[in-house]
Amino acid sequence: MRHERIERLKRKKNAIILAHNYQRPEVQDIAEFVGDSLELARRAMETTADIIIFCGVDFMAETAAILNPDKKVLIPDVCAICPMAQQLTQEILRAAKQEHPDAEVVLYVNTRAESKVYADCICTSANAREIVQAMNASTILFGPDRNLAYYVQKSTSKKIIPVPEHGNCPSHHQIAFEDLLQAKAEHPTAKVIVHPECIPEVQDRADYIASTSGMVKICKELEDEEFVIGTEVGLLHRLEKEAPGKRFYPLSTTAICPQMKMPTLAKIEAALEHEEPEVVLSPEVMEKARKPIERMLELS
Ligand code: SF4
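For the sequence shown, this note's numbering gives the first residue as 23, with consecutive numbering after it.
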């Protein structure tokens, strides 16, 4: 059985599996820990394992590797590349910095390591508001998600400039205002919780806006029994496990990130067996990208 073989390999090689909330249910079930980007980064730092199998997308595995230079970080499928992270290039960042020399740069963790080297601080959706508020400058270059930038702008008098201008996560950006109206009509007593990567019209009509870890917390703590969840559908598996008896409805059944679904049990087994593909970054990028990540961990 594949499950048993994976468990045996994990023990033999002192490896752990970290999985993002959007992973396939069977991948979440075999992981030592399931969480959002911030939680996974912290877990990666705490582990005493020699090998981390990172079931997520490229930038997450890179972050784990940057924070753990002495560990081997493996990504089961190298094609699991976040399309939003790809939207922010070094050229775009350099041009924005040149245009706004007094601004500080806050980048969403959903960026490639080579972009992170330009950041003053990294943030996640769970701490973006707090991080921006803690910065010294009154103007912040914020990228790559303009919907998250909108969410942050509502809580601060600082000027937030989205970089690039129209960056977005395709899986969240496609959730339409009409989806929200329909969900409210179909589930009139359910609380609607959406991710800040959703478009402003959806954010503005939701009951709560939260990161995936925030969503789990809200659903567990509230006495309500029905929730409409506006994020990638993979989170529903975790919600159903951690808040049994409650009912969860996806705000959009098409909010599926294909890249997040790339790691499979077969690929995890192969990665453990052969100890590849390994995340490899240049020492210079590792060092420069580590500083803004560590600053985030200190501030949040
Ligand atoms: S859900 Fe969006 S931000 Fe997350 S990996 Fe997929 S495309 Fe990137």
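A virtual CB, placed ideally from N, CA and C, is assigned to each residue, including glycine.
- In the pairwise beta carbon analysis, the stretch 255–270 is classified as not touching the stretch 70–81: fewer than three pairs are separated by under 8 Å.
- Those residues having their beta-carbon less than 7 Å away from any non-hydrogen atom of the ligand SF4 are, in chain order, Y44, V79, C104, P105, M106, A107, N132, C191, P192, S193, H194, E219, E254, C279, Q281, M282.
- The straight-line gap separating the alpha-carbon atoms of K180 and I28 is approximately 49 Å.
- In this structure V302 is exposed. Its beta-carbon is surrounded by fewer than 16 other beta-carbon atoms within 10 angstroms.
- In the three-state DSSP reduction, Y173 falls in the helix class (H, G or I).
- Looking at the DSSP output, H42 bridges to G57.
- Under the 10 Å beta carbon count, K93 is surrounded by 16 or more other beta carbons and is classified as buried.
- Judged by DSSP secondary structure, L31 falls outside any beta strand (DSSP E) and instead within the alpha helix (DSSP H) spanning 24–35.
- Leaving aside the five residues that flank Q196 on each side, the residues in its chain whose CB is nearer than 8 Å to its CB run, in chain order, S274, T276, A277.
- V95: member of the beta strand (DSSP E) spanning 94–96, first to last residue.
- Of the other Cβ atoms in all chains shown, 16 or more fall within 10 Å of the Cβ of M157; this residue is therefore buried.
- At a Cβ-Cβ threshold of 7 Å, C279 and Y44 count as neighbours.
- In the DSSP secondary-structure assignment, E248 is bridged to R269.
- By the criterion of a C-beta distance shorter than 7 Å, A212 is surrounded in its chain by E248, F249, V250, Y271, once the five residues flanking it on both sides are discounted.
- The residues F249, L261, A265, in chain order, have a CB closer than 6 Å to that of C241 in the same chain once the five nearest residues on each side in sequence are set aside.
- In the structure shown, the three-state DSSP call for V224 is helix.
- Look at the beta carbons and you see the stretch 59–66 touching the stretch 132–151: at least three pairs across the two are nearer than 8 Å.
- As computed with DSSP, P184 is found in a beta bridge with F164.
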